[in-house]
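A.B. asks:
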Amino acid sequence: PTETKMNEAAICTSPYSITVNGGNFGVFMGGNYRDTYHAMIGSIAAPITITINGGNVTAQGGDSAAGMGGGNGGVASVVIINGGTVNATGGKYGPGIGSGNDRNNTNSNPAQITITGGTVTARGGEQSAGIGGGCYRPGATVTITDGNVTAIGGYTGAGIGGGKSSSGGNVTISGGIVSATGGKYGAGIGSGEYNYPNSDATGGSVTISGGTVKATGTCSYGLKAHTATINGTLILAGGVSSGNMGLACSN
192 PTETKMNEAA ICTSPYSITV NGGNFGVFMG GNYRDTYHAM IGSIAAPITI
242 TINGGNVTAQ GGDSAAGMGG GNGGVASVVI INGGTVNATG GKYGPGIGSG
292 NDRNNTNSNP AQITITGGTV TARGGEQSAG IGGGCYRPGA TVTITDGNVT
342 AIGGYTGAGI GGGKSSSGGN VTISGGIVSA TGGKYGAGIG SGEYNYPNSD
392 ATGGSVTISG GTVKATGTCS YGLKAHTATI NGTLILAGGV SSGNMGLACS
442 N
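Each residue of the sequence shown is one higher than the one before, starting from 192 at the first, in the working numbering.
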């Protein structure tokens, strides 16, 4: 990659878009500078659209930043994955794919994430979702129509949905093979753990109309949402909840 300024992503094209059509991109490390934390592939200062059409992409976010998406308190990004192999890991308090940490509520707008194909593995950092929101960041608008998607939340984060003390956003799955596993106290799909005053961890909306979806909660619910419409194949581990309380945990 070309040399970039501290407040830019390591891979970026002007004005505010990144497109990968093929090739192999090794492990890139996002970094931080003073109190500003950056996504490996993404932006903090302006909205950006990231499109992956093919190739092999591995991204690691800096502290409080997504591997792919937004940095600490950054504006919402649009992430579109149409193909290829993507491995994205959030930094501490950042999701694998989505919006970074926002404890100070500087920018609560969620990311928009669309997956239409490819093989995607997203791991959230501590207190963050695999796909969705970082710590104290609401879950994204997530649309999955095809592909093989594995999302693993960090401690207290959902697999797909919100980070710690955050709502689950809006998740729509109409195809593909999807496995979503929450971190400890996080839902498989839905909200993260709720234990912070004035935070919203009420679940969000989940619609499953096709595909095969496995949602596993870890000391929590497999699926936790205000509204849920399910017509596809859903395998749950942890049950379903429309409230705010998780399941008791013995470990």
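Each residue gets a CB set at the ideal place from its N, CA and C atoms; glycine is no exception.
Predicted model only: the values in this text are computed from it and were never measured.
Taking only three categories from DSSP, how would you classify Thr-332?
C.D. replies: Correct three-state label for Thr-332: strand.
A.B. asks: If you reduce the DSSP assignment to three classes, tell me which class Ile-239 lands in.
C.D. replies: Here Ile-239 sits in coil by DSSP.
A.B. asks: Alpha carbon to alpha carbon, how far is Thr-242 from Cys-410?
C.D. replies: C-alpha separation (whole angstroms): 35 Å.
A.B. asks: Just to confirm the assignment, what range does the beta strand (DSSP E) spanning Gly-374 have?
C.D. replies: Note, Gly-374: beta strand (DSSP E), 368-375.
A.B. asks: Here's the rule: buried if 16 or more other CB atoms are within 10 angstroms of the residue's CB, otherwise exposed. What is Gly-214?
C.D. replies: Gly-214 is exposed by the Cβ-count criterion.
A.B. asks: If you measure between the beta carbons of Gly-352 and Ile-306, is that distance less than 8 Å?
C.D. replies: No.
A.B. asks: Following the continuous beta strand (DSSP E) through Gln-251, name the residue where it begins and the one where it ends.
C.D. replies: 247-251 is the span of the beta strand (DSSP E), which, as asked, contains Gln-251.
A.B. asks: Please classify Asn-244: does DSSP put it in a helix, a strand, or coil?
C.D. replies: It is coil, neither helix nor strand.
A.B. asks: If you follow the beta strand (DSSP E) that Gln-158 is part of, which residue opens it and which one closes it?
C.D. replies: The first residue shown for the chain is 192 and the last is 442, placing residue 158 beyond what the model contains.
A.B. asks: If I measure Cβ to Cβ from Ser-208 and keep anything under 6 Å in the same chain, skipping five residues before and after, which residues do I get?
C.D. replies: Closer than 6 Å at Cβ, skipping near neighbours: Thr-240.
A.B. asks: Do you know offhand how far Gly-423's Cα is from Ile-335's?
C.D. replies: Their Cα atoms are separated by approximately 13 Å.
A.B. asks: Just how far apart, CA to CA, sit Ile-426 and Val-362?
C.D. replies: Roughly 16 Å separates the two Cα atoms.
A.B. asks: Roughly how many whole angstroms lie between the Cα atoms of Thr-418 and Ser-358?
C.D. replies: Cα-Cα distance, rounded: 12 Å.
A.B. asks: Among the residues of its own chain, which have a CB less than 7 Å from the CB of Thr-347, if the five just before and after it don't count?
C.D. replies: Excluding sequence neighbours, Thr-347 sits near Gln-318, Lys-355, Gly-374, Lys-375, Tyr-376, Gly-377, Gly-383, Glu-384.
A.B. asks: By Cβ distance below 6 Å, which residues in the same chain neighbour Thr-210 in space, the five residues on each side in sequence not counted?
C.D. replies: Only Thr-242 meet the Cβ criterion.
A.B. asks: When the Cα atoms are used, what is the spatial distance from Lys-415 to Gly-246?
C.D. replies: C-alpha separation (whole angstroms): 34 Å.
A.B. asks: Could you tell me the distance, in whole angstroms, from the CA atom of Asn-273 to the CA atom of Asp-337?
C.D. replies: So the two alpha carbons sit approximately 9 Å from each other.
A.B. asks: Answer with buried or exposed for Asn-212, where buried requires no fewer than 16 other C-beta atoms within 10 angstroms of its C-beta.
C.D. replies: Asn-212 is exposed by the Cβ-count criterion.
A.B. asks: Given this structure, state the Cα-to-Cα distance separating Ile-398 from Asp-254, to the nearest angstrom.
C.D. replies: According to the sequence displayed, residue 398 carries Thr and not Ile. Taking the straight line from one Cα to the other gives about 32 Å.
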